[in-house]
Amino acid sequence: MEDREKNEASALGQGEKTKARGRRSTKRSRTGCLTCKFRKVKCDEAKPECNRCRVFGIGCDGYEKPVSSLSLAKVSPTINEQSDYRVLLAPSPTGGLQFDSEVERRHFHKFQSETANEICGIFESIFWQKLVPQACHREQFVLDAVIALSAYNTSLKLSKAGLQDELFLANAAEQAQFALRKYQNCLQVMQISLSNAPSPQKALMACLLVCSFEGLLGNTVTALAHARSGQTLVENFLAEHPHPNPKFEGITSPAPLIIEDRLLQAASYFETQILGLFDGRSRDDHAMLKREGKEAIYLMPQAFKDLDEACIYWDLVSRRSMHFICEYSTDFNNGLNPYAVNDTTGLDSQGKILSYTKNSSDNPSREQNMGHYQVERKKYLEDISHWSAAFSDLYSRLKRTTNKRQIIGAHTLNVKSKAMEMGVGSAMESGTCSHDKYFTHFREIVNLSREIIRIKKTLSQSDFAVELGIIPSLHATAKWCRERTIRREAIALLRWYDSREGHWDSRVMADIDTCVMELEEEGIDTEYIPECARVRVLSITSDDGQGWALVEYIRGSPRTGELPGSRRIRCPGLSCTLSRRNSEQSEKSTSSATSSREELLVLSDLTDTGQSGDELCKSSCTTP
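Quick note: the sequence shown uses my numbering, first residue 44, plus one each step.
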């Protein structure tokens, strides 16, 4: 029984043990509300709902008589249970919720049983599966967002399943229109709620919901703009509340009474969306942020006890590694982020969505700082190696389980670690041949991704997830691997996957990677692609919804000579990324989407980095 309870515990290291000792010293937790029991915090046992839940702004699930340990043993999830995409946590009851129609009620239940599992991606998420449904009892805008997410996700699946079936497509259009109406209402209520009673917890949840729905719509630019605002909220909160115990920095919340652990962990979504791409932060910002959780990494467990713990530590390792890469890249570009962000939309006046500034060869800091960065790179590679060692035994066990979701979750973490190792390992290499030594990594990424996609397609019809999974790693393989068979298989897997993870669209990546592959292989008769033929993409410009894009690139290297060029490619997925997917469903849907974006500008004022956003953040983060 104790082993099972340990397997269910979240990855909070020794911090959870400290909390556990506090609970054992009092009888309160034995008769506390169900919500506090689940969150493993003390309950004040106020009736009919406890004050702690009220302060947090989440629904209190009430009280029940203690159950025997035998009963708990029967329902405790274990690593071998076939939970697949079902919710492992008891959903919040609908008692007390006010629905305007039976359709809304059905979509709320569908969110709990289906949409929450699909939208959170491969890994279980307490935020989506528990905290969000609970918050529906306190905030009307959360309930509206949940219903909108469920309805639009249903619309996308109906469109995909129906293909040319008119009845399916008509139903899909109707669901989309309903979702957009609920989303508009959500934004209006959200604005009022954040203005009347601002709190960092509420603002952060609002930003996550907005980013998620805009991502589901395919409004990538809007979603990324709010991801930046959300990350600003997180950074301001962390700056005002240094962690009282450095051992848990980057793992737990420094002030859980203001923003609790699971919400802050879910907010790491913002960082993963903007890091490297659409990131306007300076070298000094990255130099500071890469130090997050230094002591937590040093005290990382030698062996992770479950997938949740492995995920939380991996998120910290990968954030630190990406900040190192961004710091180095920015430093060697005379203080400019190599991926230029032109304004708050992430687009310049020509619609350029990606703009890369090549390294300046006359940067005086290059030679001076090279030794420092080489030492740093070794340290971050060691962090990845230590994480992989701690994950090894758990990975071996999970590969043998019958729980399909656990299997693909374990494979996905392995894929991510391989890709990050390549990224950090080649961060300071010159030329375009630095990735050739990672052939075994490329092959393993392709083999594991094939298995992940195969299993995932048997579990869900949804093609969108908030969290990043395997698309960035497959894109890196298709871009960096010049072995023709593996490269083509990586591109084929991106097309077969036909999914979106955050702002990463597998179809868009496949189109871009195919363009690069064809450019590099032009006029080359041998299997080996010489350095003089290798291509680096400088920018990608959309033609504003017409299904074409202009790719600007440089062929060769400083050693072999560089030749600029451009190519116009057919890339319909990119047009969807810059506008809204399935815009052809109806004029009414398009009109509703436009109206939603206009309403969204109001929320943007509340969470942006301007004056009003700063005021909200300041007042929110100082509210206990």
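Where a beta carbon is used, it is the ideal one built from N, C-alpha and C, also for glycine.
Proximity below 8 Å, CB of residue i to CB of residue j
i: GLU510; j: HIS484; result: no
i: GLU278; j: ALA266; result: no
i: ASP304; j: THR315; result: no
i: ALA519; j: ALA462; result: yes
i: TYR481; j: TYR416; result: no
i: VAL232; j: PHE184; result: yes
i: GLU335; j: ARG363; result: yes
i: GLY604; j: CYS575; result: yes
i: LEU517; j: LEU537; result: yes
i: LYS290; j: LEU332; result: no
i: LEU581; j: GLU595; result: yes
i: ILE514; j: LYS447; result: no
i: LEU237; j: GLY273; result: no
i: ILE340; j: LEU318; result: no
i: ASN214; j: LEU201; result: yes
i: ILE583; j: GLY466; result: no
i: GLU564; j: GLY164; result: no
i: THR263; j: HIS546; result: yes
i: ILE427; j: SER460; result: yes
i: LEU437; j: ALA346; result: yes
i: LYS193; j: LYS153; result: Going by the sequence as given, residue 193 is Ser instead of Lys. For SER193 and LYS153, yes; Cβs fall inside 8 Å.
i: ARG420; j: MET471; result: yes
Reduced DSSP secondary structure (H/G/I, E/B, other) of residue i
i: GLN308; result: helix
i: PRO289; result: helix
i: VAL580; result: strand
i: THR158; result: helix
i: GLU681; result: The displayed coordinates of the chain run from 44 to 667. Any statement about residue 681 would go beyond what the structure contains.
i: LEU300; result: coil
i: PRO607; result: strand
i: CYS254; result: helix
i: GLU595; result: strand
i: ASP322; result: coil
i: ALA508; result: strand
i: ARG527; result: helix
i: SER72; result: Here the model assigns SER72 a pLDDT of 47, short of 50, so the residue's position is not dependable, and the following value carries that caveat. DSSP places SER72 in helix when its eight states are reduced to three.
i: ARG550; result: helix
i: ARG543; result: strand
i: THR569; result: coil
i: ALA222; result: helix
i: THR439; result: With the sequence shown as reference, residue 439 is identified as Ser, and Thr is not the correct amino acid for it. Reduced to three states, the DSSP call for SER439 is helix.
i: CYS79; result: helix
i: ASN446; result: coil
i: LEU342; result: coil
i: GLU92; result: coil
i: GLU630; result: Its pLDDT being 34, under 50, GLU630 is placed unreliably in this model, and the value from its coordinates should be taken loosely. Of the three classes helix, strand and coil, the one that applies to GLU630 here is helix, per DSSP.
i: THR388; result: Any reading at THR388 must be qualified, since the residue scores a pLDDT of 42, below 50, and its modelled position is unreliable; the value itself is stated next. Reduced to three states, the DSSP call for THR388 is coil.
i: GLU335; result: coil
i: PRO241; result: coil
i: ASP87; result: coil
i: PRO381; result: Unreliable placement is indicated for PRO381, whose pLDDT of 47 sits below 50; the coordinate value is still reported in the next sentence. Here PRO381 sits in coil by DSSP.
i: ASP328; result: helix
i: PHE347; result: coil
i: GLY261; result: coil
i: GLY273; result: helix
Whole-number beta carbon distance between residue j and residue i, since they are thought to touch under 8 Å
i: ALA270; j: PHE313; result: 5 Å
i: LEU306; j: PHE170; result: 6 Å
i: LEU276; j: PRO299; result: Wrong, their Cβ atoms sit about 16 Å apart, outside the cutoff.
i: VAL578; j: ARG598; result: 5 Å
i: ASP554; j: CYS476; result: That pair is no contact at about 25 Å.
i: LYS507; j: LEU259; result: Sequence check: residue 507 is Phe here, not Lys. Contact flag correct, Cβ pair sits at about 5 Å.
i: ILE534; j: ASP556; result: 5 Å
i: ALA219; j: TYR195; result: 6 Å
i: CYS79; j: LYS85; result: 7 Å
i: ARG486; j: ILE529; result: 6 Å
i: MET248; j: ALA191; result: Not quite, the Cβ-Cβ distance comes to about 15 Å (not below 8 Å), so this is no contact.
i: TRP357; j: LEU456; result: 6 Å
In DSSP terms, what residue i is bridged to
i: ASP143; result: According to DSSP, ASP143 bridges with nothing at all.
i: SER600; result: GLY604
i: ILE612; result: ALA592
i: SER585; result: ALA592
i: THR295; result: GLU292
Any alpha helix (DSSP H) of 4 or more consecutive residues that is wholly inside the segment 160-238: 175-178 and 183-205
Secondary structure, alpha helix (DSSP H): runs of 4+ residues fully inside the segment 456-495: none
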